[in-house]
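Okay, so here's the structure we're looking at.
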RNA sequence: GCCGAAGUGGCGGAACUGGCAGACGCGCGCGACUCAAAAUCGCGUUCCUUCGGGAGUGUGGGUUCGAUUCCCACCUUCGGCACCA
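Residue numbers (the working numbering): 301 to 1131.
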């Protein structure tokens, strides 16, 4: 690690400027800002509010340079908006419940609470060292009883409104974390746990779910949101809406088998049915002759889905149950098979198989010698023969072999079939979603207890609201048994039924920590309010969140959940509007110097504390903004940060080395150049901060400071224009490098604080160029550059271009065939 | 397989709405200062060149007076989903 540079050239030493020492400056100003409550925000009806939120950090211990990357550019933008006159709230908080605390407890024998809260202490210190405009009076910690009391209260609202229910079902279980997970928290091809990367297994368990699927359609509506397209697409795909029909087939015993299909127009081509091996009717359908094979297959399938991951191109296996069903549109008797390519978790767990028009069904039919019957004739196809087809034809087309609907053209096929199904009472048009209800039970200790009591007489009884919070006990044994640690507490689980007063048992599972983060933005409004989750007065002023920043990895988890919560609260008249966060922007990731994810074992973790110690927080902030496209991120580069370190030193020496000088303008042309540059910089920095283009913010500031240095070298130091440029430079730097800007501002004798100053206005007239470089092309190739007045008209530009000797030379004596003039830019002469 | 993002000097990255490709910085080279080095400052830095110029933004086409930018096809990398009925 290199040292912060020494002094600049002799000019500065002569004037006795001390060395730029961020280690001294930064803590001093941080202390003063906090003592003065500079960033404390309160309701102010006279000013326009701006709720600027950055995703709350998980209390894992040390902060990562990635946290800085997420938070400090956001802070710069928040500061910019504040200087623009908005009443900007930028609150901090901590996502404090979760499994790592419990793992630490097991490994190191530290209580999860102690581990979490000492981490919070450290993280607070680190967040203070960012020099960000956190309003600490609004800090909220999800593991505080005053916070999770309301998380539990929200659970009760869900429960009371039939949005929370308990269900026995096959669920995803992480054998390492020893808990169930929501579908969103199972990732990748090998279906691994989002937190620990261990492949999950299936378990049959009774768990609590939230009816997020009820809001599926509404969650697909992004019309009022300024969110990145990729996030909207991820959510749309995750919700996975598909339109089609539901139809009911009956077994020969009269049991209904409901199916969902996106191709009701192919119903007449259903020549067999396939059930998922776990389908509840399999047992009843199976005839004695096939029982052994069916049971073998079910057993194998269970092992397969748990252990090996099935791959797409795997052969389609399956067995006949011996049972038959009746195709309701033509009363044909068709065999019922089971196969693991049909999933219990999608649709109804049963399909009608139309081998002529579905690739999977075709493959299965050919393998097991089942009938292929074409019922759709795509345009351009003369005729189809099921015996000789070599592949399924999934295209739309005219219906054939389809009883009364034969001859229906492709465009009308689905619509007419749906009408037919409804008329005959066989089925109707239906929509199916990939989205599952949200499984919120966790078999862990370090979470908010689910406020439910199980009474032998009254059954499931919610804990009355006035008895909240259901406090998480401290004295718990953490054992990785796969069962909730609260279950083993000697007394905690025993309680009296709130309804009948008889002895009853508490629910011992805790809630998914994503519940905490689904509403934390509301707790920030009034973290001490104890009559409701938030103070309605604060809500009315601050909500909704105007800008939300964070990583895209939460697209299908947190960002779906929080939208769901908001819509539920709206329907319960707790909140207003349809969305909690209007604008979303995603930052990328900072990688290790080797271009890989930072890793402790490879020693590639960049610790912000080290960087701050070596270069100062301002340099780290400026580098994180300057060195990357914020939305992309990239590898940490220990050399490139030197660029901003040098820049800050140059600015320090420039500003303080010329402080207090007064002079009169001697060269109006040079003064005009500096003035123009200053206004252009105001324009660009404003635009780029507004649009999250932080790298060009810093490069524009560098250009301005370079221009001021050039002005100093030209003897302009102390002139009004020069001093104005210095002042503007400091104001523009304030959001990016808040400490050095404040220090220099103070040393220039300007009023405290620079962060309370108005953002400089740019004057378009002042930013205008009087002269431009007119590019002259011949046949599209640049041949000459001529300095001309900016307001030159087309004829003059043309004349100037043709007057150029170089241009004449390249025209080779030919007459111009065509001359294109782009005002203020170029002339292209075509010969 | 489907969906999405991205390919620009040695490197990070700029380029408004189709109009000077490479801003700003890193690195590198040369010079100044120094006994020397570091730091700092100045100049240079896409490639090729017979010094006229030529080529160049992943590849190949196209539209246009003009394309990093628009269109078509393809390649590579990264991310998501994946037998979704």
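Note that the Cβ used here is the ideal one computed from N, Cα and C, for glycine as well.
Quick caveat: nothing in here was measured; it's all calculated off a predicted structure.
DSSP lists 1127 as the beta-bridge partner residues of residue 1121. Pairing residue 469 with residue 649, the inter-Cα distance amounts to about 13 Å.
Per the DSSP secondary-structure output, residue 573 pairs in a beta bridge with 636 and 652. Note: residue 794 is bridge-paired with 805 in the DSSP secondary-structure output. Taking C-beta atoms as the reference points, residue 811 and residue 903 fail to come closer than 7 Å. For the 7 Å CB-CB criterion, residue 720 and residue 710 do not form a contact. For a cut-off of 8 Å, the C-beta gap from residue 657 to residue 563 is around 7 Å, short enough to register as a contact.
Following the DSSP letters along the chain, one finds residue 544 in no alpha helix (DSSP H) but inside the beta strand (DSSP E) bounded by residues 542 to 551. The beta carbons of residue 370 and residue 887 sit closer together than 7 Å. In terms of Cβ geometry, residue 1017 and residue 981 do not form a close pair [threshold 7 Å].
One Cα belongs to residue 1088, the other to residue 1015, and the distance between them is close to 27 Å. For residue 558, the uninterrupted beta strand (DSSP E) run begins and ends at 556 to 561, by DSSP.
Cβ-Cβ distances below 6 Å link residue 834 to 822, 825 and 826 in the same chain, with the five nearest sequence neighbours on each side left out; the list follows chain order. For the pair residue 1097 and residue 1020, the Cα-to-Cα distance works out to about 36 Å. DSSP, read as helix, strand or coil, puts residue 466 in strand. Under the three-state reduction of DSSP, residue 1098 is assigned to helix.
Residue 882 has its alpha-carbon roughly 31 Å from the corresponding atom of residue 362. Going by DSSP, residue 365 is part of the alpha helix (DSSP H) stretching over 365 to 383. Residue 343 is positioned such that its CB atom lies no closer than 7 Å to that of residue 1043. Here DSSP, grouped into helix, strand and coil, assigns residue 758 to coil. Residue 841 and residue 336 have their C-alpha atoms spaced approximately 24 Å apart. Scanning 1115, 547 and 389 for the CA closest to the CA of residue 340 turns up 389. In this structure residue 1004 does not touch residue 1036 by the C-beta definition: roughly 12 Å separates them, more than the 8 Å allowed. One Cα belongs to residue 948, the other to residue 410, and the distance between them is close to 43 Å.
The residues 691, 692 and 694, in chain order, have a CB closer than 8 Å to that of residue 659 in the same chain once the five nearest residues on each side in sequence are set aside.
Every alpha helix (DSSP H) stretch that sits fully inside the segment 893 to 937 and reaches 4 residues is listed by chain position as 908 to 915 and 917 to 926. With fewer than 16 other beta carbons inside 10 angstroms of its own, residue 800 counts as exposed. For residue 729, the enclosing beta strand (DSSP E) stretches over residues 727 to 732. In summary, residue 899 is exposed, with fewer than 16 beta-carbon neighbours lying within 10 Å of its beta-carbon over all protein chains present. Residue 330: member of the alpha helix (DSSP H) spanning 322 to 335, first to last residue. Taking 7 Å as the cut-off, the Cβ atoms of residue 378 and residue 545 do not count as close.
By the neighbour-count criterion, in which a residue is buried when 16 or more other Cβ atoms sit within 10 angstroms of its Cβ, residue 599 is exposed. Closest option to residue 708, judged by alpha-carbon separation, among 683, 1125, 839 and 676: 676.
Residue 872 holds the alpha-carbon nearest to the alpha-carbon of residue 463 among 791, 636 and 872.
Taken in chain order, the whole alpha helix (DSSP H) runs of length 4 or more contained in the segment 489 to 532 are 516 to 519.
According to the DSSP assignment, residue 820 belongs to the alpha helix (DSSP H) that extends over 820 to 823.
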